[in-house]
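Reviewing the structure listed below.
Chains as they are written, first to last, in the numbering used here: chain A, 33 to 219; chain B, -12 to 494.
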């Protein structure tokens, strides 16, 4: 039987098990990074390895790239939001990014730079996802019964952008994380 | 490696890479869809050698026959490539097989060699005209394969778009097609990542052969093989070689530059006026000279009959007929851009004297001979008419009788006269029986000209000035072919290529 007392206890218990921001960052980090890694390797495999080596392997790579790319993007959003929360950054800065470039009071050089690099990384990731989505639009429309493509040159530009953003994202992830490691080891 | 993100990234990436490398070696490779003669295609007649496509020169890369159920039709390609489909469907390439003129011609040839491997010999013609039918084994005395949608499409998309090698001097469909190794695509994946599709379907950026004259030469060179009628190989169409020996080849102007231009006449005019090679713009109309099979204004829906029926694909009859008319306009414009005509006449003549004039036909727009192609049917002739001021005809050569379809037998005409072993003229395209041929007048090479002298007597009562009208005419086929082979009560109209007028005063 649920009484007022037990109901209250249940509510407070639910509140207490809700993961704090730091926990959420850790929870989302694994699936996001794995999806990103798989999408990156499968994308590069599809792009660089001649299809004649094995047609089915290249087709499998493309499917896996599409699936992990989409999945990775969906993990990226909660990951970034919880990362912001953990760092006390306003979520609105995701969009009004110039606000993030204002230095906070008493903010160290390292923190400021790390925060700015993080924002740049966010935007690179957003552009990576967007360019992937642009590439996917004709396919989604096809599945909806509409045939549309902006043309092969447009595809090539979007594809090149997608590849460039992926490599930039990889570089910035490495840079963003390496700075933290370097600081931790110096302390 | 203490940092979690980097560890996840590295482990995830490394495992994926290992998995893909393993997949390359462990996953089976596509086997190809080609069929083996005997095993998959039984009772297939190969009287000459082990090449199932002989005596034609078309080949598959793996030497196997085609399984029609794996061949995408033009209708299928049109789902995404509607513009290209619309251009192609009003072209002559879409009816190289179904075209009634062709169907009639091959029947005539087959009958002429009945019980002499007539059906197998048709493979020579079908190498270019019905490549899908040939490759799938349909051209056989016994029906060993069923019909397919792609066989009704003539030279359909997949034929050109799988060609990996060309033999332009050997001709007779001298292409090697990698057609049995079309990988199975998921259409949604093509839309997401079209680069592989562009590569395998030989977009010209990926296969330079597609943009080269060598590719066209494979079919626009016709040499009758010895298997057909013994003797020596007989050169019947030489358009590629004509181009190869022209200034156009020296300037690197390929067949595609002009014939795949959206408006070939405009291309020629731009080339001649500026001397600069215009930018290559590609259309799949393949504009040539067949004004008959594109004239949807012909009475009694004749064009549909001549083209072997309505087109494949999702196009309304009205749209198709409008496209045909546009194609017809481009063809007529091209014919008119091919030549220039000039008359050199005396300023004045005396009554009762003999007047002479020279008419020059210059090939100023074709990158090959004028005329070219199947010249036992296609012909060009000159009409010269002199009238006095009262309208009285003083001289007339090359008149066309639009009631009978006959041309003045004394006209200057550019045609190839085929003869059989008895010396009889072959007017109905029975190439199987040809023993020899002569040109009534040699075709005019690219950038060359032919000057023809004319002479006539000026009557005593002629009123000056005299008007000399010269007209260069082109006609697609001989009337005999239409009347006796097609059994059609239709006069093939000629097309005016060029006209020039001069005046002569009477002293």
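Positions of the beta carbon are idealized from the N, C-alpha and C atoms, including for glycine.
- At a Cβ-Cβ threshold of 7 Å, residue 107/B and residue 59/B do not count as neighbours.
- Contact between residue 357/B and residue 431/B holds: CB atoms are separated by about 5 Å, below the 8 Å threshold.
- Taking each of 99/B, 127/B, 354/B in turn and checking the Cα distance to residue 225/B, the smallest one comes out for 354/B.
- Taking C-beta atoms as the reference points, residue 437/B and residue 318/B fail to come closer than 7 Å.
- Taking 8 Å as the cut-off between beta carbons, the residues of the region 72 to 89 of chain A near chain B are 72, 73, 74, 77, 78, 81, 83, 85, 86, 87, 88, 89, in sequence order.
- Closer than 7 Å to the CB of residue 114/A there is not a single CB belonging to chain B.
- For residue 250/B, the secondary structure class from DSSP, reduced to helix, strand or coil, is coil.
- Per DSSP, residue 174/A has no beta bridge partner at all.
- DSSP, read as helix, strand or coil, puts residue 137/A in coil.
- Straight-line measurement puts the Cα of residue 202/B at about 12 Å from the Cα of residue 149/B.
- If you draw a straight line from the Cα of residue 474/B to the Cα of residue 417/B, it comes to about 16 Å.
- With respect to residue 433/B, residue 89/A sits apart: the two C-beta atoms are not nearer than 7 Å.
- By the CB criterion at 7 Å, residue 163/A and residue 204/A fall outside the cutoff.
- Nearest C-alpha to residue -2/B among 58/A, 73/A, 57/A, 59/A: 73/A.
- Take residue 414/B, set aside five residues on each side of it, and the residues of its chain with a beta-carbon closer than 7 Å to its own are 465, 467, 468, in chain order.
- Chain-ordered listing is empty here: chain B has no CB closer than 9 Å to the CB of residue 200/A, the nearest sitting near 15 Å.
- The same chain holds no residue with a CB closer than 7 Å to that of residue 232/B once the five nearest residues on each side in sequence are set aside.
- Of all residues in the region 149 to 173 of chain A, those with a C-beta nearer than 7 Å to a C-beta of chain B are 167, 168, 170, 171, reading in chain order.
- When DSSP states are grouped into helix, strand and coil, residue 83/A belongs to the helix group.
- Residue 487/B holds the alpha-carbon nearest to the alpha-carbon of residue 372/B among 258/B, 487/B, 422/B.
- Excluding sequence positions up to five before and after residue 422/B, its CB lies within less than 7 Å of the CB of 406, 407, 408, all in the same chain and listed in chain order.
- Put simply, the region 109 to 125 of chain B does not touch the region 328 to 338 of chain B. Fewer than three CB pairs are less than 8 Å apart.
- Taking a C-beta distance under 7 Å as the contact criterion, residue 270/B and residue 247/B qualify as a contact pair.
- For residue 130/B, the closest alpha carbon among the candidates 28/B, 16/B, 109/B, 158/B is that of 28/B.
- The Cβ atoms of residue 296/B and residue 65/B do not sit closer than 7 Å to each other.
- The beta carbon of residue 77/A is closer than 7 Å to those of 93 in its chain, skipping five residues each way along the sequence.
- Each residue's CA atom was taken as its position, placing residue 400/B and residue 393/B some 12 Å apart.
- For residue 215/A and residue 150/A, the gap between their C-alpha atoms comes out near 16 Å.
- Shown here for residue 44/B: same chain residues with a beta carbon closer than 7 Å to its own, the five before and five after excluded, namely 114, 154, 157, 158, 159, 160, 161 in chain order.
- With a threshold of 7 Å between beta carbons, residue 16/B makes contact with chain A.
- Beta bridge pairing from DSSP links residue 413/B with 405/B.
- Residue contact with chain A for residue 299/B: absent (no Cβ-Cβ distance below 7 Å to any residue of chain A).
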